[in-house]
Amino acid sequence: MTSDTTRGFVGKRRERSQDLPPGQHLTDGFPVLSTGPTPQVNKNDWELVIRTGPDTSTRWTWQDFMALPISTVVTDIHCVTSWSKLGTRWRGVSLDVLLKDVRTSDQYVMAHSYGGYRTNLALEDLRGDKAWIVFEHDGAELTPEHGGPARLLVPHLYFWKSAKWIHGFVTQEHNTPGLWERNGYHLHGDPWREERYARWS
Amino acid sequence: MARGTVRPLVVENTAAIRGDTVARPVATWLPATITAAVPLTERSRSLRLVVPGWRGNVPGQHVDIRLTAPDGYQAVRSYSLATSGPGEHIELAIDRLPDGEVSPYLVDVAEVGDKVEVRGPLGGWFVWRPGDPRPVQMIAGGSGVVPFVAMIRAREAAPAGNPFRLLYSVRSPAAAMYRDYLEHSPVGTTVNWIYTRNPPPGSSRPAGRLTSIDLDSHVIPVEQDPLTFVCGSTGFAERVSQMLIERGHPASMIRIERYGDSR
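Chains as they are written, first to last, in this note's numbering: chain A, 191 to 391; chain B, 707 to 969.
Here it is, written out as structure tokens:
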């Protein structure tokens, strides 16, 4: 669809880049994604859980987790509210490492966070060196505001999929929606296809 | 803190969130025409738009606004709505951001009769649904008051209902958006003010940012099971929500909307 020109609007065109998905810009974001309060999670209490059945879970304490192979990830991130940041730097553990011994016929997971947030993902979006549990950003420990002690990082999807304060995953047969996906946002969230909002019939 | 098992999120009123009461977003861009522009403060104003094809919204939702330059360049930003309900007329309120791209245009350049594009309504979480019986506490910092104006207006229009309280933190009286409206006691809502820099003459409270003492004085106590909404900058929202948690408010009863980029 062609849009009419907005009278008097020129725009700043600053820092435009071929690396930006459609509709994204590199400036500070304005509103809005809303949640609840930031949970304060102590590393001594922290654990990561992957549950594939009522009695089948894999668990890592913070010590277990930090003993896993650690990757450095430099990646662009894209928020659905239309800001992007290029070349952000993280350290964490690849989901390939965490999912290596996980056996399930389910094709989806629900990611659960401390504090109650949740978001749905396909397992194939977590596998193949595309997703990490990160604990460091730009050389500094992740603060609680930024999702510390550890958050999910799935940079090829809009950033609401990168759940802060990650607690674990429960595999699911169907792609049951999480919090935002129930509230008008897209089930998948690929920024390059501009999968921002749910398509309502 | 939840430990042990992975607990599912408790979403109250799940049926309503998924059901018919949420205005459904229109995924396409709708042409809209500015019908009124009213200054709110030195750096902000409200715009009324008529949007043919708009399907209405619930209080607290926002929209995307898209502007197009003569060479086809486009910029999109989200703005909270100050209105709700059916019909094709909506009202936004825009605070001019220093170094902004879209907000300076909407605050300083756009005129009645100009056309922009609108997508929405967006967001189904930071909303108040008329008929929800819980007491409602709203806590705003600066331009974070806009979605609350939509809620207070909807509460005014409701025949009866639960008490609303707004605690509004601003630098000075002149920096308060919708000050005239909020100072004239909207029906059903009690408004309390926090001035962080320049209080009006005669104020008993010294200037300063919102503290836990202010919360104890002005916020619906946890015993009354309020639903508490917080909207403002990231720093404001973080600080206020942590103080609420310290005062025993369950996290599930606190809803936050943050302005800023630390996501």
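Yeah, the Cβ is synthetic: ideal placement off N, Cα and C, and Gly gets one too.
- For A:Gly201 against B:Ala775, the beta-carbon gap comes to about 5 Å, under 8 Å, which counts as contact.
- Interface with chain A (8 Å Cβ-Cβ cutoff): B:Ile951 is included.
- In summary, the residues of the segment 330–349 of chain A whose CB is separated from some CB of chain B by less than 7 Å are Glu335, His336, Phe349, in the order they occur in the chain.
- Taking a C-beta distance under 8 Å as the contact criterion, A:Ala321 and A:Val344 qualify as a contact pair.
- Around A:His302, the same chain offers Arg308, His357, Gly358 as residues with beta carbons nearer than 6 Å, after the five sequence neighbours per side are excluded.
- Judged by DSSP in its simplified three-state form, A:Thr262 adopts strand.
- Remark: C-beta atoms of B:Leu787 and B:Val815 do not approach each other more closely than 8 Å.
- Put simply, the CB of A:Gly243 is far from chain B, with every gap to its CB atoms at 8 Å or more.
- A:Lys354 is positioned such that its CB atom lies no closer than 8 Å to that of A:Arg372.
- Between B:Pro836 and B:Ala860, the C-beta gap is smaller than 8 Å, which places the two residues in contact.
- Apart from the 5 residues on each side of it in sequence, B:Arg825 sits with its Cβ closer than 6 Å to the Cβ of Trp735, Asp770 in its chain, given in chain order.
- In the DSSP assignment, B:Asp770 falls within the beta strand (DSSP E) that extends over 768–774.
- Checking the DSSP bridge columns, you'll see B:Thr895 partnered with B:Phe870.
- Below 8 Å, enough C-beta pairs join the segment 913–921 of chain B and the segment 888–903 of chain B to call them touching: three or more.
- In this structure, A:Ser272 lies near A:His215, with their beta-carbon atoms less than 8 Å apart.
- Comparing alpha carbon positions, the residue from B:Arg945, B:Glu929, B:Val757 closest to B:Asp820 is B:Val757.
- By the criterion of at least three beta-carbon pairs nearer than 8 Å, the segment 890–897 of chain B is not in contact with the segment 746–764 of chain B.
- Runs of alpha helix (DSSP H) with 4 or more residues, each lying fully within the segment 255–339 of chain A, are found at 285–289, 313–316, listed in chain order.
- The secondary-structure analysis by DSSP pairs A:His378 with nothing; it has no beta-bridge partner.
- By the C-beta density criterion, B:Arg772 is buried, having at least 16 other C-beta atoms within 10 angstroms.
- Under the DSSP assignment, A:Leu216 falls outside any alpha helix (DSSP H); it carries neither an H nor an E label.
- Contact check between the segment 943–959 of chain B and the segment 860–872 of chain B: fewer than three CB pairs, one atom from each, fall below 8 Å, which does not count as touching.
- CA-CA distance, A:Leu377 to A:Leu316, rounds to 15 Å.
- Here the alpha carbons of B:Pro792 and B:Phe870 stand approximately 22 Å from one another.
- Per DSSP, B:Glu944 lies in no beta strand (DSSP E); the unbroken alpha helix (DSSP H) holding it starts and ends at 940–952.
- Partner residues in a beta bridge of B:Ile926, as assigned by DSSP, do not exist.
- Here B:Gly850 carries a helix assignment [DSSP, helix/strand/coil].
- Contact with chain B is found for A:Tyr387, since one of that chain's Cβ atoms lies less than 8 Å from the residue's Cβ.
- The segment 802–809 of chain B makes no contact with the segment 927–934 of chain B, as fewer than three CB pairs between them are under 8 Å.
- Apart from sequence neighbours up to five positions away, the residues of its chain that approach B:Arg877 with a beta-carbon distance below 6 Å are Thr902, Arg903, ordered along the chain.
- With contacts defined as CB atoms closer than 8 Å, B:Val813 and B:Arg749 qualify as a contacting pair.
- Residues of chain A whose Cβ lies closer than 7 Å to the Cβ of B:Thr747 do not exist; the shortest such Cβ separation is about 17 Å.
- Put simply, the backbone Cα of B:Trp831 is about 13 Å away from that of B:Thr934.
- Within 8 Å of the CB of A:Ser272, the CB atoms of chain B belong to Asp770, Val782, Arg783, Ser784, in sequence order along the chain.
- With respect to the C-alpha of A:Lys290, the residue from A:Gly318, A:Gln362, A:Gly306 having the closest C-alpha is A:Gly318.
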